[in-house]
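Numbering (my numbering), first residue to last: 1072 to 1350.
All C-beta atoms in this analysis are idealised placements derived from N, C-alpha and C, irrespective of residue type, glycine included.
Down below is the structure, laid out as C-alpha coordinates.
What follows is the structure in C-alpha coordinates.
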(Lines of atoms letter the chains of each structure in order from A and count residues from 1; the text may use other names and numbers.)
(Lines give C-alpha, C1' and ligand atoms only; values in the text may rest on other atoms or scores of the structure.)
Protein backbone atom coordinates (compact mmCIF):
# COMPACT_ATOMS: atom_id res chain seq x y z
CA UNK A 1 0.00 0.00 0.00
CA UNK A 2 1.39 3.41 -0.99
CA UNK A 3 2.00 6.00 1.69
CA UNK A 4 0.86 9.54 0.97
CA UNK A 5 1.72 10.76 4.46
CA UNK A 6 4.54 13.02 3.26
CA UNK A 7 2.23 14.50 0.63
CA UNK A 8 -0.35 15.15 3.35
CA UNK A 9 2.28 16.78 5.55
CA UNK A 10 3.48 19.06 2.75
CA UNK A 11 -0.05 20.19 1.94
CA UNK A 12 -0.79 20.92 5.58
CA UNK A 13 2.51 22.78 5.98
CA UNK A 14 2.29 24.99 2.89
CA UNK A 15 -1.45 25.18 2.16
CA UNK A 16 -2.90 25.01 5.67
CA UNK A 17 -3.77 22.60 8.46
CA UNK A 18 -7.25 22.06 7.02
CA UNK A 19 -5.99 21.33 3.49
CA UNK A 20 -6.91 17.64 3.52
CA UNK A 21 -10.28 18.17 5.20
CA UNK A 22 -11.10 20.74 2.54
CA UNK A 23 -10.47 18.19 -0.23
CA UNK A 24 -12.60 15.58 1.55
CA UNK A 25 -15.43 18.08 1.93
CA UNK A 26 -15.31 18.91 -1.79
CA UNK A 27 -15.58 15.21 -2.66
CA UNK A 28 -18.53 14.78 -0.30
CA UNK A 29 -20.25 17.90 -1.64
CA UNK A 30 -19.93 16.69 -5.24
CA UNK A 31 -20.64 13.03 -4.55
CA UNK A 32 -23.95 13.00 -6.41
CA UNK A 33 -22.44 14.45 -9.58
CA UNK A 34 -19.71 11.78 -9.76
CA UNK A 35 -17.71 13.54 -12.47
CA UNK A 36 -15.66 10.99 -14.50
CA UNK A 37 -12.04 12.03 -15.02
CA UNK A 38 -9.22 10.98 -17.32
CA UNK A 39 -5.77 11.79 -15.90
CA UNK A 40 -2.97 11.77 -18.48
CA UNK A 41 0.68 11.77 -17.39
CA UNK A 42 4.06 11.46 -19.07
CA UNK A 43 7.25 13.34 -19.86
CA UNK A 44 7.60 16.15 -22.38
CA UNK A 45 6.77 15.63 -26.05
CA UNK A 46 4.92 12.36 -25.52
CA UNK A 47 1.62 13.82 -26.77
CA UNK A 48 -0.16 14.50 -23.47
CA UNK A 49 -1.77 17.79 -24.47
CA UNK A 50 -2.85 16.57 -27.90
CA UNK A 51 -4.48 13.45 -26.52
CA UNK A 52 -6.10 15.31 -23.63
CA UNK A 53 -7.59 17.94 -25.94
CA UNK A 54 -8.86 15.26 -28.33
CA UNK A 55 -10.48 13.25 -25.55
CA UNK A 56 -12.04 16.31 -23.92
CA UNK A 57 -13.64 17.45 -27.18
CA UNK A 58 -14.83 14.05 -28.41
CA UNK A 59 -18.02 14.00 -26.34
CA UNK A 60 -20.21 16.95 -25.49
CA UNK A 61 -19.50 18.50 -22.11
CA UNK A 62 -15.82 17.61 -21.83
CA UNK A 63 -13.41 19.85 -19.94
CA UNK A 64 -9.67 20.18 -20.57
CA UNK A 65 -7.09 21.25 -17.98
CA UNK A 66 -3.31 21.39 -18.34
CA UNK A 67 -1.10 21.37 -15.25
CA UNK A 68 1.85 22.07 -17.54
CA UNK A 69 0.15 25.19 -18.85
CA UNK A 70 -0.44 26.43 -15.30
CA UNK A 71 3.26 25.79 -14.57
CA UNK A 72 4.26 27.73 -17.70
CA UNK A 73 1.98 30.63 -16.80
CA UNK A 74 3.54 30.85 -13.34
CA UNK A 75 7.03 30.92 -14.86
CA UNK A 76 5.94 33.68 -17.22
CA UNK A 77 4.62 35.83 -14.37
CA UNK A 78 7.97 35.36 -12.59
CA UNK A 79 9.88 36.34 -15.73
CA UNK A 80 11.84 33.08 -16.01
CA UNK A 81 11.81 30.05 -18.29
CA UNK A 82 10.02 26.85 -17.30
CA UNK A 83 13.35 25.02 -17.21
CA UNK A 84 14.80 27.66 -14.89
CA UNK A 85 11.73 27.44 -12.66
CA UNK A 86 12.20 23.66 -12.36
CA UNK A 87 15.90 24.11 -11.59
CA UNK A 88 15.20 26.68 -8.86
CA UNK A 89 12.57 24.46 -7.25
CA UNK A 90 15.02 21.58 -7.21
CA UNK A 91 17.66 23.78 -5.52
CA UNK A 92 15.15 24.66 -2.81
CA UNK A 93 14.10 21.04 -2.40
CA UNK A 94 17.69 19.81 -2.10
CA UNK A 95 18.38 22.33 0.65
CA UNK A 96 21.42 23.99 -0.91
CA UNK A 97 21.46 26.80 1.62
CA UNK A 98 24.01 28.96 -0.20
CA UNK A 99 21.73 28.98 -3.26
CA UNK A 100 18.31 28.83 -1.59
CA UNK A 101 17.97 32.52 -0.85
CA UNK A 102 18.50 33.59 -4.46
CA UNK A 103 16.20 30.82 -5.74
CA UNK A 104 13.41 31.81 -3.35
CA UNK A 105 13.85 35.44 -4.31
CA UNK A 106 13.41 34.61 -8.00
CA UNK A 107 10.33 32.53 -7.15
CA UNK A 108 8.99 35.32 -4.92
CA UNK A 109 9.07 32.98 -1.92
CA UNK A 110 6.51 30.59 -3.39
CA UNK A 111 6.55 26.78 -3.46
CA UNK A 112 4.71 26.85 -6.77
CA UNK A 113 5.08 23.09 -7.23
CA UNK A 114 3.17 22.29 -4.02
CA UNK A 115 0.57 24.95 -4.82
CA UNK A 116 -0.02 23.45 -8.28
CA UNK A 117 -0.23 19.93 -6.88
CA UNK A 118 -2.85 21.05 -4.38
CA UNK A 119 -4.72 22.95 -7.08
CA UNK A 120 -4.76 19.72 -9.12
CA UNK A 121 -6.17 17.82 -6.14
CA UNK A 122 -8.83 20.50 -5.70
CA UNK A 123 -9.89 20.15 -9.31
CA UNK A 124 -10.08 16.36 -9.07
CA UNK A 125 -12.05 16.68 -5.82
CA UNK A 126 -14.66 18.95 -7.39
CA UNK A 127 -13.54 22.49 -6.57
CA UNK A 128 -15.02 25.03 -9.01
CA UNK A 129 -16.43 22.43 -11.36
CA UNK A 130 -18.34 23.99 -14.25
CA UNK A 131 -21.98 22.79 -14.17
CA UNK A 132 -22.10 22.19 -17.95
CA UNK A 133 -19.15 19.82 -17.86
CA UNK A 134 -19.91 16.10 -17.86
CA UNK A 135 -16.35 14.79 -17.72
CA UNK A 136 -12.85 16.23 -17.32
CA UNK A 137 -9.45 15.42 -18.84
CA UNK A 138 -6.33 16.64 -17.01
CA UNK A 139 -2.80 16.37 -18.40
CA UNK A 140 0.56 16.97 -16.74
CA UNK A 141 3.39 15.23 -14.93
CA UNK A 142 1.55 14.24 -11.77
CA UNK A 143 -2.25 14.02 -12.26
CA UNK A 144 -2.23 10.24 -11.77
CA UNK A 145 -0.41 10.48 -8.44
CA UNK A 146 -2.67 13.28 -7.23
CA UNK A 147 -5.69 11.36 -8.49
CA UNK A 148 -4.64 8.23 -6.61
CA UNK A 149 -4.25 10.31 -3.45
CA UNK A 150 -7.68 11.93 -3.88
CA UNK A 151 -9.16 8.51 -4.67
CA UNK A 152 -8.08 7.49 -1.18
CA UNK A 153 -10.19 10.36 0.16
CA UNK A 154 -13.29 9.00 -1.57
CA UNK A 155 -13.19 10.24 -5.18
CA UNK A 156 -14.39 7.70 -7.75
CA UNK A 157 -14.53 7.41 -11.54
CA UNK A 158 -10.85 8.07 -12.25
CA UNK A 159 -8.97 6.64 -15.24
CA UNK A 160 -5.18 7.06 -15.35
CA UNK A 161 -3.12 6.96 -18.56
CA UNK A 162 0.65 7.17 -19.02
CA UNK A 163 2.11 8.21 -22.39
CA UNK A 164 5.63 7.37 -23.49
CA UNK A 165 7.56 7.54 -26.74
CA UNK A 166 11.06 6.91 -28.07
CA UNK A 167 13.90 9.35 -27.50
CA UNK A 168 14.13 9.92 -31.23
CA UNK A 169 10.48 10.91 -31.49
CA UNK A 170 10.79 13.21 -28.47
CA UNK A 171 13.77 14.91 -30.11
CA UNK A 172 11.87 15.45 -33.36
CA UNK A 173 8.81 16.81 -31.56
CA UNK A 174 11.02 19.16 -29.56
CA UNK A 175 12.52 20.61 -32.74
CA UNK A 176 9.12 20.86 -34.43
CA UNK A 177 7.44 22.65 -31.51
CA UNK A 178 10.27 24.75 -30.14
CA UNK A 179 12.38 25.52 -33.22
CA UNK A 180 10.30 25.40 -36.40
CA UNK A 181 8.79 23.32 -39.17
CA UNK A 182 11.64 23.75 -41.68
CA UNK A 183 14.24 22.73 -39.08
CA UNK A 184 12.02 19.79 -38.14
CA UNK A 185 12.04 18.50 -41.73
CA UNK A 186 15.83 18.68 -41.86
CA UNK A 187 16.12 16.86 -38.53
CA UNK A 188 13.58 14.26 -39.59
CA UNK A 189 15.56 13.48 -42.74
CA UNK A 190 18.83 13.28 -40.80
CA UNK A 191 17.53 11.17 -37.90
CA UNK A 192 15.61 8.84 -40.23
CA UNK A 193 18.98 7.51 -41.38
CA UNK A 194 19.59 6.01 -37.95
CA UNK A 195 19.28 2.25 -38.12
CA UNK A 196 16.43 2.03 -35.61
CA UNK A 197 13.40 4.30 -35.23
CA UNK A 198 13.64 4.16 -31.45
CA UNK A 199 17.30 4.28 -30.53
CA UNK A 200 20.70 5.05 -31.96
CA UNK A 201 22.21 1.68 -31.17
CA UNK A 202 19.18 -0.34 -32.20
CA UNK A 203 18.33 -1.45 -28.67
CA UNK A 204 14.78 -0.52 -27.73
CA UNK A 205 14.49 0.49 -24.08
CA UNK A 206 11.52 2.10 -22.37
CA UNK A 207 13.82 3.99 -20.02
CA UNK A 208 16.15 5.34 -22.69
CA UNK A 209 17.38 8.85 -22.00
CA UNK A 210 16.47 11.52 -24.49
CA UNK A 211 19.98 12.88 -23.98
CA UNK A 212 21.28 9.99 -26.10
CA UNK A 213 20.38 12.08 -29.12
CA UNK A 214 22.40 15.16 -28.19
CA UNK A 215 25.32 13.98 -30.28
CA UNK A 216 23.09 13.38 -33.29
CA UNK A 217 21.29 16.69 -32.91
CA UNK A 218 24.62 18.54 -32.76
CA UNK A 219 25.39 17.17 -36.24
CA UNK A 220 22.28 18.67 -37.83
CA UNK A 221 23.11 21.09 -40.67
CA UNK A 222 21.32 24.04 -39.07
CA UNK A 223 22.69 27.55 -38.67
CA UNK A 224 21.48 27.92 -35.08
CA UNK A 225 22.42 24.41 -33.97
CA UNK A 226 24.23 25.53 -30.79
CA UNK A 227 21.12 27.36 -29.59
CA UNK A 228 18.98 24.33 -30.44
CA UNK A 229 21.27 22.02 -28.46
CA UNK A 230 21.21 24.41 -25.47
CA UNK A 231 17.42 24.53 -25.47
CA UNK A 232 17.27 20.76 -25.86
CA UNK A 233 19.56 20.26 -22.86
CA UNK A 234 17.37 22.59 -20.76
CA UNK A 235 14.30 20.57 -21.69
CA UNK A 236 16.09 17.30 -20.99
CA UNK A 237 17.16 18.58 -17.58
CA UNK A 238 13.59 19.65 -16.83
CA UNK A 239 12.37 16.04 -17.08
CA UNK A 240 15.15 14.91 -14.75
CA UNK A 241 14.69 17.84 -12.35
CA UNK A 242 10.94 17.36 -12.10
CA UNK A 243 11.13 13.62 -11.44
CA UNK A 244 13.86 13.98 -8.81
CA UNK A 245 12.05 16.88 -7.16
CA UNK A 246 8.82 14.91 -6.80
CA UNK A 247 10.74 11.93 -5.43
CA UNK A 248 12.53 14.13 -2.91
CA UNK A 249 9.42 16.15 -2.05
CA UNK A 250 6.86 13.37 -1.60
CA UNK A 251 8.83 10.10 -1.96
CA UNK A 252 6.54 9.39 -4.92
CA UNK A 253 7.57 8.62 -8.50
CA UNK A 254 5.20 9.52 -11.34
CA UNK A 255 7.11 7.09 -13.58
CA UNK A 256 5.99 4.20 -11.37
CA UNK A 257 3.77 2.37 -13.84
CA UNK A 258 1.65 0.81 -11.10
CA UNK A 259 -0.23 4.11 -10.80
CA UNK A 260 -1.71 3.75 -14.27
CA UNK A 261 -4.66 1.89 -15.73
CA UNK A 262 -3.27 2.14 -19.27
CA UNK A 263 0.18 2.75 -20.77
CA UNK A 264 0.36 3.97 -24.37
CA UNK A 265 3.45 4.26 -26.58
CA UNK A 266 2.94 7.15 -29.03
CA UNK A 267 6.25 6.63 -30.88
CA UNK A 268 4.90 5.06 -34.05
CA UNK A 269 1.57 6.87 -34.20
CA UNK A 270 0.19 10.32 -33.53
CA UNK A 271 -1.68 11.19 -30.36
CA UNK A 272 -4.66 12.00 -32.57
CA UNK A 273 -4.79 8.44 -33.89
CA UNK A 274 -4.09 6.99 -30.44
CA UNK A 275 -6.95 9.09 -29.04
CA UNK A 276 -9.34 7.76 -31.67
CA UNK A 277 -8.41 4.15 -30.98
CA UNK A 278 -8.66 4.72 -27.23
CA UNK A 279 -12.16 6.16 -27.54
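Bridge partners - residue i, DSSP secondary structure assignment
i            : result
residue 1080 : Paired residues: none, contrary to the question.
residue 1112 : 1211 and 1233
residue 1334 : 1233
residue 1206 : 1133
Outcome for residue i when other beta-carbon atoms lying within 10 angstroms are tallied against a minimum of 16
i            : result
residue 1118 : buried
residue 1328 : exposed
residue 1195 : buried
residue 1214 : buried
residue 1298 : exposed
residue 1131 : exposed
residue 1330 : buried
Start-to-end residues for the beta strand (DSSP E) that takes in residue i
i            : result
residue 1133 : 1133–1137
Endpoints, the alpha helix (DSSP H) within which residue i is located
i            : result
residue 1185 : 1183–1196
residue 1322 : Note, residue 1322: premise wrong, no alpha helix (DSSP H); not H, not E.
residue 1161 : 1153–1165
residue 1092 : 1090–1100
Proximity to residue i [Cα-Cα], best of the options
i            : options                   : result
residue 1231 : 1334, 1254, 1249 and 1291 : 1334
residue 1212 : 1113, 1235 and 1250       : 1113
residue 1311 : 1182, 1157 and 1141       : 1157
residue 1338 : 1096, 1136, 1263 and 1240 : 1240
residue 1075 : 1264, 1218 and 1254       : 1218
residue 1287 : 1302, 1088, 1208 and 1261 : 1261
residue 1145 : 1180, 1121 and 1115       : 1180
residue 1315 : 1186, 1305, 1165 and 1209 : 1165
residue 1291 : 1242, 1097 and 1336       : 1242
heavy atom of the ligand ATP below 7 Å from residue i C-beta
i            : result
residue 1337 : Looking at this structure, you won't find the ligand ATP or any other ligand, since it has none at all.
How do the segment 1175–1185 and the segment 1102–1110 stand: do at least 3 beta-carbon pairs fall below 8 Å, yes or no?
No, the segment 1175–1185 is not in contact with the segment 1102–1110.
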